[in-house]
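Residue 102 in this note's numbering is what sits at position 60 of the sequence shown, and the numbering runs on without skipping anything.
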Amino acid sequence: MEYHRTIERSRTRVWVGDPGGEERGAARERRKEIQRTVRDAIALLAPIEREIIEGYYFEGLSLQRLANRAGRPFSRMRMLHERALRKLAMILAPFVERVFRIRVLQFPNCPICRAEWRSDAERILDDKTDDVTWGMIIRRLERATGWRAPGAPVLKAHQARHRAFTKFNSDEREESHAE
Numbered sequence: 043m044e045y046h047r048t049i050e051r052s053r054t055r056v057w058v059g060d061p062g063g064e065e066r067g068a069a070r071e072r073r074k075e076i077q078r079t080v081r082d083a084i085a086l087l088a089p090i091e092r093e094i095i096e097g098y099y100f101e102g103l104s105l106q107r108l109a110n111r112a113g114r115p116f117s118r119m120r121m122l123h124e125r126a127l128r129k130l131a132m133i134l135a136p137f138v139e140r141v142f143r144i145r146v147l148q149f150p151n152c153p154i155c156r157a158e159w160r161s162d163a164e165r166i167l168d169d170k171t172d173d174v175t176w177g178m179i180i181r182r183l184e185r186a187t188g189w190r191a192p193g194a195p196v197l198k199a200h201q202a203r204h205r206a207f208t209k210f211n212s213d214e215r216e217e218s219h220a221e
């Protein structure tokens, strides 16, 4: 019992003049950035998906209880929960890669997501405008990567899959560059 009290007391200590205090401040800022990013990502979900994620992870409710509350079958609620998690993974993948330096496969079946040159491809695809043809995009991609780029249908499908979070991540990048 004494051991647990000691741990609890040590967690609440305030270190004044601690040389590691700056590191703690940086960790606190990073934690705030992570919380803000996750909160913003959850806000992009459909209302029912947001309710499921918030209820399950923040309120501690079971999927069965959430299903009863929403008046939906449990199997549908489980499917919506899985879909919400996939969306969050897709939305947060660039953030995880940038902050934690972990390469995340957003879509394991997407040839561009699996490619080593994915970030180059996404940067080039972001530059696509109405006056730029897909042939021009493919040539730019091949010059930039040295790889034979997939055809326009694959590039379009990749771009369409990622459209849901493109704005979220570009806003996030702009904010991090502004700081």
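No residue lacks a Cβ here, since even glycine has one placed at the ideal position from N, Cα and C.
- Cβ contact annotation for glycine 97 (same chain, cutoff 7 Å, sequence separation greater than five): Leu103 and Leu108, in chain order.
- Comparing C-alpha distances from histidine 200 to each of Asp172, Asp173, Cys155 and Ala186 shows the shortest one belongs to Cys155.
- Ranked by how close their Cα comes to the Cα of glutamate 91, the residues Gly113, Met119 and Val80 have Met119 in first place.
- For phenylalanine 142, the uninterrupted alpha helix (DSSP H) run begins and ends at 116-142, by DSSP.
- Rounded to the nearest whole angstrom, the CA to CA distance from alanine 83 to isoleucine 76 is 10 Å.
- Under the three-state reduction of DSSP, valine 174 is assigned to coil, being neither helix nor strand.
- Rounded to the nearest whole angstrom, the CA to CA distance from lysine 170 to isoleucine 179 is 7 Å.
- In this structure, alanine 126 sits away from aspartate 162, with a CB-CB distance that is not shorter than 8 Å.
- Glycine 113 carries a coil assignment under DSSP once its states are collapsed to helix, strand and coil.
- When the five nearest sequence neighbours on each side are left out, the beta carbons in the same chain lying within less than 8 Å of the beta carbon of isoleucine 166 are those of Ile179, Arg182, Leu183 and Ala186, in order along the chain.
- Bounds of any alpha helix (DSSP H) do not take in leucine 86, whose DSSP letter is neither H nor E.
- For cysteine 155, the enclosing alpha helix (DSSP H) stretches over residues 153-156.
- Cβ-Cβ separation between leucine 86 and isoleucine 133: approximately 6 Å, consistent with a contact (criterion under 8 Å).
- Counting along the chain, serine 104 sits inside no alpha helix (DSSP H), nor does DSSP assign it H or E at all.
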